[in-house]
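Number of protein chains: 2
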Amino acid sequence: MPATPNLGLLLFIPYRSMETRVFAALAAAGFDDFTPAQARVFQRIGPGGTRLTDLADQAQVTKQTAGFLVDQLERAGYVRRVPDPADARARLIQIAERGQAAIPVAAATVAEVEAEWTAHLGAKRAAQLRGALTALREITDPYA
Amino acid sequence: MPATPNLGLLLFIPYRSMETRVFAALAAAGFDDFTPAQARVFQRIGPGGTRLTDLADQAQVTKQTAGFLVDQLERAGYVRRVPDPADARARLIQIAERGQAAIPVAAATVAEVEAEWTAHLGAKRAAQLRGALTALREITDPYA
DNA sequence: CCAAATTAGTCAGAGCCTATGACCAATGTC
DNA sequence: GACATTGGTCATAGGCTCTGACTAATTTGG
Chain A
1 MPATPNLGLL LFIPYRSMET RVFAALAAAG FDDFTPAQAR VFQRIGPGGT
51 RLTDLADQAQ VTKQTAGFLV DQLERAGYVR RVPDPADARA RLIQIAERGQ
101 AAIPVAAATV AEVEAEWTAH LGAKRAAQLR GALTALREIT DPYA
Chain B
1 MPATPNLGLL LFIPYRSMET RVFAALAAAG FDDFTPAQAR VFQRIGPGGT
51 RLTDLADQAQ VTKQTAGFLV DQLERAGYVR RVPDPADARA RLIQIAERGQ
101 AAIPVAAATV AEVEAEWTAH LGAKRAAQLR GALTALREIT DPYA
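Line by line, the protein sequences are chains A and B.
Per the numbering used here, residue 1 is the first one in the first sequence, and the count goes up by one each step.
Per the numbering used here, residue 1 is the first one in the second sequence, and the count goes up by one each step.
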């Protein structure tokens, strides 16, 4: 390994760790058919529902991929598709009952992991980390 | 989107951005058959070569997956397998000529992206970010 | 107001990534 | 030297993602 690993890898390692923890908790709570790829789409669903194309753009996948993942989420009861009143071509993807039920489980695990990280880094550095990442999003997330 | 996105997503967004940039640069330089999955294994190869099982552990994939990726890397000329003098069962995966040639291209792009990030964050916050991520690695990378 | 261009979404097909399970060969242990 | 362990492969299957082609609804320009 290089002496100073590049920032890409440094970002990836904790990301993967968080992901592993959250999906283990979800599986343990009975949401064992929820996958990371599905989550990356699911996370982008807004309060009133979001169009497939918007989800695809925000998750940076093709609309075909997004459609494939939403199909699975729908079949598993995590989301539902309703007609978009503003456009007859489009449908809004909304979070369904089972999706709502999964959110607190994921949120609790995220909070738990973040607490561990904060304990390791100290409150100040943890806040700096979040602040830097949030600022970075401005130039790395086309849909921030 | 939630008001305060979880740290997992905040880590993922710049990671994905960096990855996209690096692979675009590699492809433009003629390394168009190099994939992110291969890179996650390739990055872990040590100076004298590394065993498949070690690569698998460090990249957190199964040895079958690591073997599959190394097969591709070998076929494309990025790595080579040599017998491990210390153990006749094992072979060391070493970076081959084409792999060595790709490294500076990737490194230059990483440096470019990191420079952009530093310009956006300021030198101090950028250093804090790297420091926090490096510290986080202690508790999130089983093979740090 | 209508023809052309654009946009939302689906279908079909292919390739890549990853895992489980079974297996073989070499090594280490006692 | 028998037995458990370790390094690695083969076979198989499932999941993720893409390109290309297509339908239907909407928007735009004249």
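In this text, a Cβ means the ideal position worked out from N, Cα and C, and glycines have one as well.
C-alpha distance - residue i paired with residue j, whole-angstrom precision
{"i": "Y15 (chain A)", "j": "L9 (chain A)", "result": "10 Å"}
{"i": "G131 (chain B)", "j": "D84 (chain A)", "result": "46 Å"}
{"i": "P47 (chain A)", "j": "A115 (chain A)", "result": "27 Å"}
{"i": "K63 (chain B)", "j": "I13 (chain A)", "result": "19 Å"}
{"i": "A135 (chain B)", "j": "T65 (chain A)", "result": "35 Å"}
{"i": "P5 (chain B)", "j": "R137 (chain A)", "result": "11 Å"}
{"i": "Y143 (chain A)", "j": "G49 (chain A)", "result": "16 Å"}
{"i": "V41 (chain A)", "j": "V41 (chain B)", "result": "26 Å"}
{"i": "L129 (chain A)", "j": "V79 (chain B)", "result": "36 Å"}
{"i": "R125 (chain A)", "j": "R51 (chain B)", "result": "36 Å"}
{"i": "T20 (chain B)", "j": "G67 (chain A)", "result": "22 Å"}
{"i": "L11 (chain B)", "j": "L11 (chain A)", "result": "6 Å"}
{"i": "V22 (chain B)", "j": "D141 (chain A)", "result": "16 Å"}
{"i": "M1 (chain B)", "j": "A76 (chain B)", "result": "Interpretation of M1 (chain B) is limited by its pLDDT of 43, a score under 50 that renders its predicted location unreliable; the figure taken from the coordinates is listed afterwards. Spanning the two alpha carbons is a distance of roughly 41 Å."}
Terminal residues of the beta strand (DSSP E) in which residue i lies
{"i": "A90 (chain B)", "result": "Neither: A90 (chain B) is in no beta strand (DSSP E) and is coded neither H nor E."}
{"i": "D84 (chain A)", "result": "79-84"}
Whole-Å CB distance - residue i paired with residue j, under 8 Å assumed
{"i": "A59 (chain A)", "j": "R44 (chain A)", "result": "6 Å"}
{"i": "R81 (chain A)", "j": "R91 (chain A)", "result": "5 Å"}
{"i": "M18 (chain A)", "j": "L133 (chain B)", "result": "With 8 Å as the limit, M18 (chain A) and L133 (chain B) do not qualify as a contact, their Cβ atoms being about 13 Å apart."}
Nearest candidate by alpha-carbon position, reference residue i, set the options
{"i": "L26 (chain B)", "options": "B:L136, B:L133, B:D141, B:A108", "result": "B:A108"}
{"i": "A28 (chain A)", "options": "A:V105, A:N6, A:Y78", "result": "A:V105"}
{"i": "I103 (chain B)", "options": "B:T140, B:G30, B:T4, B:L11", "result": "B:G30"}
{"i": "Q100 (chain A)", "options": "A:I139, A:A39, A:T20, A:R137", "result": "A:A39"}
{"i": "I139 (chain B)", "options": "A:L52, A:V113, A:Q128", "result": "A:V113"}
{"i": "D87 (chain B)", "options": "B:D57, B:T53, B:F42, B:G67", "result": "B:T53"}
Residue interval of the alpha helix (DSSP H) (run including residue i)
{"i": "T118 (chain B)", "result": "97-121"}
{"i": "F23 (chain A)", "result": "7-28"}
{"i": "P47 (chain B)", "result": "Neither: P47 (chain B) is in no alpha helix (DSSP H) and is coded neither H nor E."}
{"i": "F68 (chain A)", "result": "63-75"}
{"i": "Q43 (chain A)", "result": "First-last for Q43 (chain A): undefined, no H or E at that position."}
#### Entry: the stretch 91-98 of chain A contacting the stretch 119-127 of chain A, beta-carbon criterion three pairs below 8 Å
By the criterion of at least three beta-carbon pairs nearer than 8 Å, the stretch 91-98 of chain A is not in contact with the stretch 119-127 of chain A.
### Query
Are three or more beta carbon pairs between the stretch 21-40 of chain B and the stretch 66-75 of chain B nearer than 8 Å?
Flag = yes, the stretch 21-40 of chain B and the stretch 66-75 of chain B touch.
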